[in-house]
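Novice: In mature numbering (1 follows the signal peptide of the UniProt record, and there is no 0), the protein residues as written are -22 to -1, 1 to 295.
Even for Gly, the Cβ is constructed at its ideal location relative to N, Cα and C.
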């Protein structure tokens, strides 16, 4: 496994270095991503559109088509539409793993020269992809759990909100649980909340009605954390010490910076990874640098001491 700890801009700059070698060739990259169903995917859409413009300006002859989809069936249709436009590469952030593996695999099977880049939510069959770009999902769960172990005493009771059934959610959850082993901290409940603020609000309401004591919450996502916090506020519960989300939403990072006791830390998972994936994919055509493999961006604990480094005022997320 290769780790790539670079920004999208840096990746673009590296790729542009070989642009002169193939400027006379035309290529089309299709980008299929979820619509802005929550804050993180809103950031993905923003960065994808910005990267498309930057790459087309940097590579004469490169055409980048970005399509967003509100659900998995729509995304499968969008991928077929991109294929009909004669794409040379597909960059796909699957709505979910299982439902998109078949459509992407079928397209790759019909087009053996197609370069396939998968971002974030991995396919169920990784042999389909040439390139995989994601945050460190096991690290995402582990870093959060290590903070729980540091803060909570033996016998503490916590609840977990999961995202949607995907490879990355499984990796995060398994790593979180593994890092808690032997700590004496008990996970008393766990439910999916679809990486959605309203769903997380309802799930947390259910947790609060079922459990008289909850010491802390792993929301595993900043949007879900906001729903959790609102449910706690409305229930006027004072037993919950803190909530940990994840992804580095601007609003949450600001609360960490300000020392909010309910949001003492966050875990990084930048939506700009889509731009990195697009830039490296373009580099597969315009550079001699090897770009196949797995590229992982580290998960970092965002604290009051380092939060300023993760705060981007102009970001939509």
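1) Quick check on residue 37: does DSSP put it in helix, strand or coil?
2) Alpha helix (DSSP H) containing residue 231: first to last residue?
3) Quick check: the Cα distance between residue -1 and residue 223, rounded to an integer number of angstroms?
4) What did DSSP end up calling residue 11 once you bin it into helix, strand or coil?
5) Assuming residue 164 is part of the beta strand (DSSP E), what are its boundary residues?
6) Which residues in the same chain have their Cβ closer than 8 Å to the Cβ of residue 207, if we skip the five residues on either side of it in sequence?
7) Measuring alpha carbon to alpha carbon, tell me which residue in 188, 171, 190 is nearest residue 181.
8) Which residues share a DSSP beta bridge with residue 244?
9) State buried or exposed for residue 47, treating a residue as buried only when at least 16 other CB atoms are found within 10 Å of its CB.
10) Measuring CB atoms only, is the region 249 to 265 touching the region 28 to 35, in the sense that at least three cross pairs come out at less than 8 Å?
11) Could you give the DSSP three-state label for residue 196: helix, strand or coil?
12) In angstroms with no decimal places, state the Cα-to-Cα distance between residue 175 and residue 140.
13) Anyone know if the C-beta pair for residue 68 and residue 40 falls short of 8 Å?
14) Classify residue 17: buried if its beta carbon has 16 or more other beta carbons within 10 angstroms, exposed otherwise.
15) Beta-carbon separation of residue 288 and residue 226 under 8 Å?
16) Below 8 Å on the Cβ atoms is my contact criterion, and I expect residue 94 with residue 108 to pass it. Report the Cβ-Cβ distance as a whole number of Å.
17) Classify residue 267 as buried or exposed, calling it buried when 16 or more other Cβ atoms lie within 10 Å of its own Cβ.
18) Using a 10 Å radius around the Cβ and a threshold of 16 neighbouring Cβ atoms, would you call residue 53 buried or exposed?
19) Where residue 123 and residue 10 are concerned, what is the direct C-alpha to C-alpha distance, given to the nearest angstrom?
20) Span of the alpha helix (DSSP H) holding residue 110?
21) If you draw a straight line from the alpha carbon of residue 136 to that of residue 100, how long is it in whole angstroms?
22) If we call anything under 8 Å between Cβ atoms a contact, is residue 7 one with residue 259?
23) From this set, 183, 248, 79, which residue's C-alpha is nearest residue 103's C-alpha?
24) Exposed or buried, residue 246, counting other C-beta atoms within 10 Å across all chains shown (16 or more means buried)?
25) What is the residue span of the beta strand (DSSP E) that residue 140 lies within?
26) Check residue 106 in the structure and name its three-state DSSP category.
27) Grab the span of the alpha helix (DSSP H) containing residue 288 for me, first residue to last.
28) Are the Cβ atoms of residue 155 and residue 165 separated by less than 8 Å?
Specialist: Once the coordinates are examined:
1) Looking up residue 37 in the chain shown gives position 59. Coil at residue 37, not helix or strand.
2) For the purposes of this step, residue 231 is taken as residue 253 along the chain shown, with counting starting at 1. For residue 231, the uninterrupted alpha helix (DSSP H) segment begins and ends at 228 to 235.
3) Residue mapping note: residue -1 aligns to position 22 of the chain shown, counting from 1. Residue mapping note: residue 223 aligns to position 245 of the chain shown, counting from 1. The predicted position of residue -1 is uncertain, since its pLDDT is 47 and thus under 50; a value taken from the coordinates is nonetheless stated next. Linking residue -1 to residue 223 through their CA atoms gives a straight-line distance of about 44 Å.
4) Within the chain shown, the letter at position 33 stands for residue 11. Strand.
5) For the purposes of this step, residue 164 is taken as the residue at position 186 of the chain shown. Taken as a continuous stretch (DSSP letters only), the beta strand (DSSP E) holding residue 164 covers 164 to 170.
6) Mapped onto the chain shown, residue 207 falls at position 229. The beta carbon of residue 207 lies closer than 8 Å to those of 221, 240, 241 in the same chain, with the five residues before and after it left out.
7) One-based indexing of the chain shown puts residue 181 at position 203. Of the residues 188, 171, 190, the one whose Cα lies closest to the Cα of residue 181 is 171.
8) Position 266 of the chain shown holds residue 244. In the DSSP secondary-structure assignment, residue 244 is bridged to 280.
9) Translated into positions along the chain shown, residue 47 becomes position 69. The residue is buried, with at least 16 neighbouring Cβ atoms inside 10 Å.
10) At 8 Å Cβ cutoff, the stretches touch.
11) In the chain shown, counting from the first residue as 1, residue 196 sits at position 218. Under the three-state reduction of DSSP output, residue 196 falls in the strand class.
12) As a position in the chain shown, residue 175 is number 197, starting the count at 1. As a position in the chain shown, residue 140 is number 162, starting the count at 1. Distance between the alpha carbons of residue 175 and residue 140 is about 12 Å.
13) Along the chain shown, one-based indexing puts residue 68 at 90. Along the chain shown, one-based indexing puts residue 40 at 62. Here residue 68 is not near residue 40, since their CB atoms are 8 Å or more apart.
14) Taking the chain shown and counting its residues from 1, one reaches residue 17 at position 39. Residue environment analysis places residue 17 among the buried positions, since at least 16 neighbouring C-beta atoms fall within 10 angstroms of its C-beta.
15) Taking the first residue of the chain shown as position 1, residue 288 is located at position 310. Taking the first residue of the chain shown as position 1, residue 226 is located at position 248. Contact flag set, yes.
16) Counting from one through the chain shown, the residue named residue 94 turns up at place 116. Counting from one through the chain shown, the residue named residue 108 turns up at place 130. Yes, they are in contact, since the Cβ atoms of residue 94 and residue 108 sit about 5 Å apart, within 8 Å.
17) Here residue 267 refers to the residue found at position 289 of the chain shown. Label assigned to residue 267: exposed.
18) Numbered from its first residue, the chain shown carries residue 53 at position 75. Result: buried.
19) For the purposes of this step, residue 123 is taken as residue 145 along the chain shown, with counting starting at 1. For the purposes of this step, residue 10 is taken as residue 32 along the chain shown, with counting starting at 1. Distance between residue 123 and residue 10, taken at the CA atoms: about 32 Å.
20) Translated into the one-based positions of the chain shown, residue 110 becomes position 132. Segment 109 to 113 is the beta strand (DSSP E) holding residue 110; no alpha helix (DSSP H) there.
21) As a working mapping, residue 136 is identified with position 158 in the chain shown. As a working mapping, residue 100 is identified with position 122 in the chain shown. Rounded to the nearest whole angstrom, the C-alpha separation of residue 136 and residue 100 is 28 Å.
22) Here residue 7 refers to the residue found at position 29 when the chain shown is read from its first residue. Here residue 259 refers to the residue found at position 281 when the chain shown is read from its first residue. Cβ atoms of residue 7 and residue 259: closer than 8 Å.
23) Position 125 of the chain shown, counted from the first residue, corresponds to residue 103. Checked all of 183, 248, 79; the closest Cα to residue 103 is 79.
24) Within the chain shown, residue 246 is the residue found at index 268, counting from 1. So residue 246 ends up on the buried side.
25) On the chain shown, residue 140 is found 162 positions in, with the first residue counted as 1. Secondary structure note for residue 140: its beta strand (DSSP E) is the uninterrupted segment 135 to 140.
26) Numbered from its first residue, the chain shown carries residue 106 at position 128. Three-state result, residue 106: helix.
27) Residue 288 sits at position 310 when you count from the first residue of the chain shown. The continuous stretches of alpha helix (DSSP H) do not include residue 288, and DSSP gives it neither H nor E.
28) In the chain shown, the residue the question calls residue 155 occupies position 177. In the chain shown, the residue the question calls residue 165 occupies position 187. In contact: residue 155 and residue 165 (Cβ atoms closer than 8 Å).
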